[in-house]
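Asks:
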Amino acid sequence: MALPYVLNASEEMNISDHCIRDTMTLVSGLRNIKPWAVKFVDSSAKILDGLLVGTMSSLGVYDECVGIEVIKERGTEKGKLLFRGQYCVIDLKPSLPPKAKFYGTDEIIPELKNISERGTVIGEAAKFASMLYLMPIKLGICVPSGCTLDDINQVAQLLGKALTLNAEATRCEIKEETTLTFLNYLVM
């Protein structure tokens, strides 16, 4: 798991106190196998199914993530909402050679031909590498709502660097209650 790596490198990052607190609560919940904590993992993307045939995204389960509510279980504030699930999308791109003026989306990038022997995993992945010029690999993850987009970006970039990938959190969403005005009802 990436958590020990992130914790060791956290001194280099400027992660918000809310994010650290909520993440530690999440880790504690996972250690105690709390259903709400397991939902954070369950609703996040896993290893991409079909990566070797060109699948470019694993988006997790949006509704499960944003439906998570973590409630204080003890003490004077028992029943208080601590944080919610927040759905974030991470874009991943490997470092690629400069894009050629013309290429087919099913052609192996010339610079990869030397290392992409037939019958190897790299050879299979190289068939679809040119697609990465057009779109990144997208992963949907579920994180505590106390983490900002900047917090998520710092961690994504740190992990991406370790994997020699460019990683960027492009958006995060939290379930918010909508209140309709009289005018909204009138229009409906």
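Those letters in the sequence shown? Residues 2 to 189, per this note's numbering, in order. Note that CB positions come from ideal geometry on N, CA and C, so glycine has one too. Values in this document were obtained by computation on a predicted structure and should not be read as measured data.
May I ask you to report which of helix, strand or coil DSSP gives C148?
Replies: C148: coil per DSSP, three-state reduction.
Asks: Whether or not the segment 138 to 148 and the segment 44 to 57 are in contact is what I'm after, with contact meaning three or more pairs of Cβ atoms, one per stretch, closer than 8 Å; do they touch?
Replies: Enough Cβ pairs lie closer than 8 Å, so yes.
Asks: Inspect the beta-carbon positions of A168 and L160 and report whether they are closer than 8 Å.
Replies: Yes, the Cβ-Cβ distance between A168 and L160 is below 8 Å.
Asks: Could you tell me the distance, in whole angstroms, from the CA atom of I16 to the CA atom of T26?
Replies: Whole-angstrom Cα-Cα distance: 15 Å.
Asks: Are the CB atoms of E174 and V71 nearer to each other than 8 Å?
Replies: Not a contact, by the Cβ cut-off of 8 Å.
Asks: Quick one: using the 10 Å Cβ neighbour count with 16 as the cut-off for buried, is T186 buried or exposed?
Replies: Per the sequence presented here, residue 186 reads as Tyr, with Thr not at that position. Exposed, by the Cβ-count rule.
Asks: According to DSSP, is I175 part of a helix, a strand, or is it coil?
Replies: I175 falls in the strand class under three-state DSSP.
Asks: Go ahead and pull the three-state DSSP assignment for I138.
Replies: Three-state DSSP puts I138 in a strand.
Asks: If you draw a straight line from the alpha carbon of A38 to that of Y88, how long is it in whole angstroms?
Replies: Going by the C-alpha atoms only, they are around 14 Å apart.
Asks: Do T171 and V90 come within 8 Å of each other at the CB atom, strictly closer than that value?
Replies: Yes, they are a contact pair.
Asks: Which term fits G80, buried or exposed, when burial requires 16 or more other beta carbons within 10 angstroms of its beta carbon?
Replies: Exposed is the call here.
Asks: Restricting to Cα atoms, I'd like to know which of L31, L93, K176 and A157 is closest to S146.
Replies: That would be K176, whose Cα lies nearest to the Cα of S146.
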